[in-house]
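Down below is the structure, laid out as structure tokens.
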Amino acid sequence: MKSIFKLLAFSFLLLTPITISAQTNVAHINVQQLISEMPEVIAAQNELAKLEKDYTTQIDNAFKEFQTKAQSYSSDAANQTDVTNQARQKELESMQTNLQEFRDSAAQELQKKQMDLMTPLLEKARNAINKVGKDQGFNYVIDSSPNGGIILADGKDLLDDVKRELGF
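Residue numbers for the sequence shown follow this note's numbering, beginning at 993 and rising by one.
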């Protein structure tokens, strides 16, 4: 009986290195932190902040002009003809429409600029993570940021095997 236990223990010791070497290597990285600390990202964010400030200043100035004109027209309305007041009202409506269109356009431009600046930087970070993960022998690198996911997946993909098991 003791010899069976010795044989089992010896077999376990022989199989243990195989089991350990078959394990998948997993690493993690907080991608949000990495990106927020990248000098290029900080420079891009500063550029975007400056552009946003410029747009905000332009919008504020246009709004002040609209308000000034609206107050002036309102205080002077009693002294004007109906035709003049209607023309002024149309002018104010046109100014208001133009202001809203400029706001929308500025928001779209900011979003486009953000995509143009950030997309290559995010790709650069992703490539660096993949390179370091592979160079250090990891099969998987998981993003430890909130709502993160798998970044590098070099391990066995079971999709085809599971499909076969399910019959498709």
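In this text, a Cβ means the ideal position worked out from N, Cα and C, and glycines have one as well.
Small disclaimer: the values here were computed from a predicted structure and weren't measured.
What's the gap between the Cα of residue i and the Cα of residue j?
{"i": "Tyr951", "j": "Ala1054", "result": "What the structure shows of the chain is the stretch from 993 to 1160, and residue 951 is not part of that stretch, so it cannot be assessed."}
{"i": "Val1023", "j": "Asn1122", "result": "12 Å"}
{"i": "Gly1147", "j": "Tyr1132", "result": "7 Å"}
{"i": "Thr1089", "j": "Ser1067", "result": "22 Å"}
{"i": "Lys1045", "j": "Ile1021", "result": "33 Å"}
{"i": "Glu1085", "j": "Arg1095", "result": "15 Å"}
{"i": "Gly1159", "j": "Leu1151", "result": "12 Å"}
{"i": "Met1030", "j": "Thr1111", "result": "13 Å"}
{"i": "Asp1149", "j": "Lys1126", "result": "17 Å"}
{"i": "Asp1153", "j": "Ala1145", "result": "17 Å"}
{"i": "Lys1155", "j": "Ala1019", "result": "28 Å"}
{"i": "Thr1060", "j": "Asn1071", "result": "18 Å"}
Return the first residue and the last residue of the beta strand (DSSP E) that residue i is part of.
{"i": "Ala1019", "result": "1018-1021"}
Just checking my contact of residue i with residue j at CB under 8 Å: how many whole Å lie between their CB atoms?
{"i": "Gly1129", "j": "Asn1038", "result": "Rounded, the Cβ-Cβ distance is 37 Å, inconsistent with contact."}
{"i": "Thr1036", "j": "Leu1109", "result": "The sequence given here places Ala at residue 1036; Thr does not occur at that position. Ala1036 to Leu1109, Cβ: 4 Å. Contact."}
Starting from residue i and walking both ways along the alpha helix (DSSP H), at which residues does that stretch end?
{"i": "Thr1048", "result": "1031-1068"}
Between which residues of its own chain and residue i is the CB-CB distance below 8 Å, once the five residues before and five after are set aside?
{"i": "Gln1100", "result": "none"}
{"i": "Ile1027", "result": "Val1033, Leu1113, Leu1114, Ala1117"}
{"i": "Pro1138", "result": "Gln1024"}
{"i": "Ile1051", "result": "Leu1091, Phe1094, Arg1095, Ala1098"}
{"i": "Thr1073", "result": "none"}
Please go through the same chain and pick out, in chain order, the residues whose beta-carbon is closer than 7 Å to the beta-carbon of residue i, but skip the five residues on each side of it.
{"i": "Gln1106", "result": "Leu1040"}
{"i": "Asn1119", "result": "none"}
{"i": "Ala981", "result": "As displayed, the chain neither begins before 993 nor continues past 1160, which places residue 981 out of reach and without an answer."}
{"i": "Gln1063", "result": "none"}
{"i": "Met1043", "result": "In the sequence on display, residue 1043 carries Leu and not Met. Within the same chain, Leu1043 has close Cβ partners Leu1102, Lys1105."}
{"i": "Lys1082", "result": "none"}
Ignore the nearest five residues each way along the sequence and tell me which others in residue i's own chain have a CB closer than 6 Å to its CB.
{"i": "Met1087", "result": "Phe1058"}
{"i": "Asp1135", "result": "Val1023, Gly1141, Ile1143"}
{"i": "Ala1098", "result": "Tyr1047"}
Review point. Can you give, in chain order, each stretch of the beta strand (DSSP E) that sits fully within the stretch 1076-1157 and has at least 3 residues?
Key: 1132-1135, 1142-1145
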